[in-house]
Amino acid sequence: MSHRSDTLPVPSGQTRSQVLRDQSIYTQLLEVARHVQQTVREHFVQLNRQGLLQERRHTQAIREQEALLSHLLCQMINLLQSGATSGLQLQVPLPSEDSRGDVRYGQGTQLSGQLDPVPQLSDCEAAFVSRDLSNRGTDISALYQSSFQDYNAYQKDKYHKDKNTLGFINLGTSENKLCIDLMAERLQESDMNCVEEALLQYPDWRGQPFLREEVARFLTYYCRAPARLDPENVVVLNGCCSVFSALAMVLCDPGEAFLVPTPFYGGFAFSSRLYAKVQLIPVHLESEITVIHTYPFQLTVDKLEEALLKARLEGKNVRGLVLTNPQNPLGDIYSPDALMKYLEFAKRHDLHVIVDEIYMLSVFDESITFHSVLSMTSLPDRSRTHVIWGTSKDFGISGFRFGALYTHNKEVASVVSAFGYLHSISGITQHKLCQLLQNTEWIDKVYLPTNRFRLREAHKYVTAKLKALEIPFHNRGSGLYVWINLKKYLDPCTFEEEQLLYRRFLDHKLLLSCGKAYMCKEPGWFRLIFADELPRLKLAMRRFCEVLEEQKQDLIVKQLEDAMRE
Numbered sequence: 001m002s003h004r005s006d007t008l009p010v011p012s013g014q015t016r017s018q019v020l021r022d023q024s025i026y027t028q029l030l031e032v033a034r035h036v037q038q039t040v041r042e043h044f045v046q047l048n049r050q051g052l053l054q055e056r057r058h059t060q061a062i063r064e065q066e067a068l069l070s071h072l073l074c075q076m077i078n079l080l081q082s083g084a085t086s087g088l089q090l091q092v093p094l095p096s097e098d099s100r101g102d103v104r105y106g107q108g109t110q111l112s113g114q115l116d117p118v119p120q121l122s123d124c125e126a127a128f129v130s131r132d133l134s135n136r137g138t139d140i141s142a143l144y145q146s147s148f149q150d151y152n153a154y155q156k157d158k159y160h161k162d163k164n165t166l167g168f169i170n171l172g173t174s175e176n177k178l179c180i181d182l183m184a185e186r187l188q189e190s191d192m193n194c195v196e197e198a199l200l201q202y203p204d205w206r207g208q209p210f211l212r213e214e215v216a217r218f219l220t221y222y223c224r225a226p227a228r229l230d231p232e233n234v235v236v237l238n239g240c241c242s243v244f245s246a247l248a249m250v251l252c253d254p255g256e257a258f259l260v261p262t263p264f265y266g267g268f269a270f271s272s273r274l275y276a277k278v279q280l281i282p283v284h285l286e287s288e289i290t291v292i293h294t295y296p297f298q299l300t301v302d303k304l305e306e307a308l309l310k311a312r313l314e315g316k317n318v319r320g321l322v323l324t325n326p327q328n329p330l331g332d333i334y335s336p337d338a339l340m341k342y343l344e345f346a347k348r349h350d351l352h353v354i355v356d357e358i359y360m361l362s363v364f365d366e367s368i369t370f371h372s373v374l375s376m377t378s379l380p381d382r383s384r385t386h387v388i389w390g391t392s393k394d395f396g397i398s399g400f401r402f403g404a405l406y407t408h409n410k411e412v413a414s415v416v417s418a419f420g421y422l423h424s425i426s427g428i429t430q431h432k433l434c435q436l437l438q439n440t441e442w443i444d445k446v447y448l449p450t451n452r453f454r455l456r457e458a459h460k461y462v463t464a465k466l467k468a469l470e471i472p473f474h475n476r477g478s479g480l481y482v483w484i485n486l487k488k489y490l491d492p493c494t495f496e497e498e499q500l501l502y503r504r505f506l507d508h509k510l511l512l513s514c515g516k517a518y519m520c521k522e523p524g525w526f527r528l529i530f531a532d533e534l535p536r537l538k539l540a541m542r543r544f545c546e547v548l549e550e551q552k553q554d555l556i557v558k559q560l561e562d563a564m565r566e
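What follows is the structure, encoded as structure tokens:
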């Protein structure tokens with residue numbers, strides 16, 4: 001078969017070679033035109049991306065300006081309320097543009113006059129000022145807003161597969177939503193429905209005797225205690241944070257402190273500050289593996305000693321050590337040997353130890369064994385070892401608001417009981433909890449196997465997505481969460497950039513938890529909850545991937561901009 005060019009007619013006055021040469025020039029021109037078209041298209045795409053990036057930076061600059069104006073306004077209101085209106089003097093940072101075109105605030109000018117000494121609000125406290133609130137009320141308001149602003153936004157705009165498909169999906173709050181069907185069925189059975197006269201009256205502030213007896217039996221069985229636990233050592237309140245807050249109140253005076261290995265559950269900070277005004281001193285752990293640290297974020301006694309010495313040199317009175325086992329947000333499970341070393345450290349320094357074991361039944365890796373501190377045959381300091389457990393995580397009923405304290409210290413148990421006056425659980429709820437916990441056959445044969453299987457499958461789905469994205473994560477087989485490393489999406493890798501990425505997730509109606517909320521020493525870490533039903537989890541991970549793709553494209557644009565400037 002002959003080629004088409006061999007059969008083309010030759011125009012009059014032109015040789016075949018001239019025709020072929022003209023065709024070659026035409027082909028080259030066509031290729032050049034296509035290349036120019038592609039270049040122009042890519043240029044417009046880059047311009048569009050730059051425009052989006054500049055728009056986001058502009059939005060962030062506006063937020064910073066609003067925060068500054070709010071802070072200055074609050075200062076002025078404080079001064080006016082305190083009567084220090086004469087001789088006003090304020091430090092006003094002047095706005096300027098950095099090399100990226102972002103508005104920043106540096107050293108500013110000073111307004112004339114002399115400022116009388118007056119109480120000043122911190123940056124956090126300046127978020128809210130009211131003529132009706134006390135300084136303490138203002139502080140609590142600011143603490144609440146800073147802690148729950150984004151969670152409250154989620155509550156007002158929750159995703160629903162039919163009613164609100166564009167709403168928030170919450171992979172930030174640690175809730176187990178995998179076995180709602182089992183729990184709903186169990187809670188509707190006939191033994192749950194009881195309305196006795198005693199349940200409608202004021203309860204024992206420690207908790208109803210029948211519930212405390214059942215909690216003691218339950219913990220003896222599932223914690224593998226060497227001897228039967230005493231119901232008189234049990235106090236139940238409306239949630240584990242209520243128990244922790246009560247312990248902070250009775251073990252510390254205002255301004256005193258607990259040591260807490262980081263990253264740690266952010267709710268501890270809110271609970272310790274709300275009433276007790278107790279400081280949490282971070283014991284910073286490293287993500288890098290070294291000769292000393294054989295796995296990431298390893299807690300060692302040397303780290304504890306170092307943090308305690310530093311705190312005492314700074315004049316802080318450390319009263320205790322707080323541990324979470326399984327750890328939140330890491331998912332690590334402490335070995336009996338490690339637990340013993342931590343307890344011995346505490347005894348040497350006359351410290352209380354609070355061990356939060358709220359995830360003890362949420363270990364889904366069959367190769368891992370959880371060891372409760374209550375399973376130890378001998379404790380270095382029984383009277384200063386206090387254990388917290390509740391049903392929110394292991395049974396997925398956080399709405400029940402149940403937390404239990406077990407302590408060998410009768411004095412501590414007695415004084416924590418006083419908080420039952422404000423933080424007790426309704427009698428009917430206590431009855432349902434008792435019925436739930438005493439049915440160990442259903443728990444062992446139905447609930448726990450199903451829950452662990454579903455946790456395992458959900459964890460497998462999420463971690464497969466993370467591996468596909470080449471995102472490092474702390475791979476543990478317990479808890480409801482994965483501790484993920486998003487450092488490669490931050491440039492520079494700072495807590496400010498971490499916060500911007502967190503905000504971008506919120507813009508896409510996805511709630512996660514950033515590492516700074518857990519006092520993590522290193523920016524770029526996030527906690528992602530996987531204990532959710534698969535359809536919603538798939539949509540959440542789709543949004544997650546979209547955010548990271550946007551972030552990746554913005555980093556490319558930024559790198560191009562930096563290269564062009566150089």
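Per UniProt numbering, residue 1 is the first one in the sequence shown, and the count goes up by one each step. The C-beta atom is built at its ideal place from N, Cα and C for all residues, glycine as well.
Start and end of the beta strand (DSSP E) containing residue i?
i: Ile140; result: Segment Asn135 to Lys156 is the alpha helix (DSSP H) holding Ile140; no beta strand (DSSP E) there.
i: Asp356; result: His352 to Asp356
i: Gln208; result: Gln208 -> no beta strand (DSSP E), and no H or E assigned at all.
i: Arg224; result: Taken as a continuous stretch (DSSP letters only), Arg224 belongs to no beta strand (DSSP E), as it is neither H nor E.
i: Arg382; result: Careful: Arg382 lies outside any beta strand (DSSP E) and carries neither H nor E.
Using a 10 Å radius around the Cβ and a threshold of 16 neighbouring Cβ atoms, would you call residue i buried or exposed?
i: Pro119; result: Below a pLDDT of 50, predicted positions are generally treated as unreliable, and Pro119, at 42, falls in that range; no measurement from the model is reported.
i: Ser261; result: Checking the sequence shown, residue 261 turns out to be Pro, not Ser. Flag for Pro261 reads buried.
i: Phe453; result: exposed
i: Gly239; result: buried
i: Arg136; result: exposed
i: Asp139; result: buried
i: Lys509; result: buried
i: Asn164; result: exposed
i: Thr290; result: exposed
i: Arg104; result: Per-residue confidence for Arg104 stands at a pLDDT of 42, beneath the threshold of 50, marking its modelled position as unreliable; the derived number appears in the next sentence. Classification for Arg104: exposed.
i: Leu339; result: buried
i: Lys432; result: buried
i: Asn193; result: exposed
i: Gln326; result: Position check: residue 326 holds Pro in this sequence, whereas Gln was assumed. With 16 or more Cβ atoms within 10 Å of its Cβ, Pro326 is classed as buried.
i: Leu133; result: exposed
Considering only the beta carbon of each residue, do residue i and residue j sit closer than 8 Å?
i: residue 583; j: Leu178; result: Coverage of the chain is limited to positions 1 through 566, which leaves residue 583 absent and any answer about it impossible.
i: Tyr502; j: Leu512; result: yes
i: Phe419; j: Ser242; result: yes
i: Pro380; j: Glu344; result: yes
i: Leu455; j: Phe364; result: yes
i: Ser383; j: His423; result: no
i: Leu321; j: Leu351; result: yes
i: Thr390; j: Ala404; result: According to the sequence provided, residue 390 is Gly. The question's Thr does not apply to it. Yes, the pair counts as a contact, with Cβ atoms nearer than the cut-off.
i: Ser398; j: Glu175; result: yes
i: Phe168; j: Lys158; result: yes
i: Thr429; j: Phe400; result: yes
i: Pro523; j: Phe495; result: yes
i: Leu437; j: Glu214; result: yes
i: Ile358; j: Ser335; result: no
i: Ser245; j: Ala276; result: yes
i: Glu545; j: Leu466; result: In the sequence on display, residue 545 carries Cys and not Glu. In this structure, Leu466 does not lie closer than 8 Å to Cys545 by Cβ.
Output needed for residue i: all residues of its chain with C-beta closer than 8 Å, excluding positions within five of it in sequence on either side, in chain order.
i: Ala257; result: Val278, Gln279, Leu280, Ile281, Ala311, Lys316, Asn317, Val318 and Arg319
i: Ala458; result: Leu178, Phe530, Ala531, Asp532, Leu534 and Leu537
i: Lys341; result: Val301
i: Val195; result: Ile428
Which residues in the same chain as residue i place their Cβ atom closer than 6 Å to its Cβ, once the five residues preceding and following it in sequence are excluded?
i: Leu171; result: Leu512, Leu528, Ile529 and Ala540
i: His284; result: Thr262 and Lys521
i: Phe370; result: Ile333, Met360 and Val363
i: Ile556; result: none
i: Leu480; result: Ser174, Asn176, Ile529 and Ala531
i: Gly207; result: Val236
May I ask you to list the residues that DSSP assigns as paired with residue i?
i: Val482; result: Leu528
i: Phe270; result: None; Phe270 has no bridge partner.
i: Ile388; result: Asp356 and Leu405
i: Cys514; result: Phe526
i: His474; result: Trp483
Grab me the residues of residue i's own chain with a C-beta within less than 7 Å of its C-beta, minus the 5 sequence neighbours each way, in chain order.
i: Asp191; result: Gln435
i: Glu31; result: none
i: His349; result: Leu308
i: Gln551; result: Tyr489, Leu501 and Arg504
i: Glu498; result: Leu490, Cys514, Gly515, Lys516, Pro523 and Gly524
With residue i as the anchor, note down where its alpha helix (DSSP H) starts and where it stops.
i: Ile556; result: Leu534 to Arg565
i: Ala257; result: No alpha helix (DSSP H) contains Ala257, which is instead part of the beta strand (DSSP E) from Ala257 to Pro261.
i: Val416; result: Lys410 to Ser417
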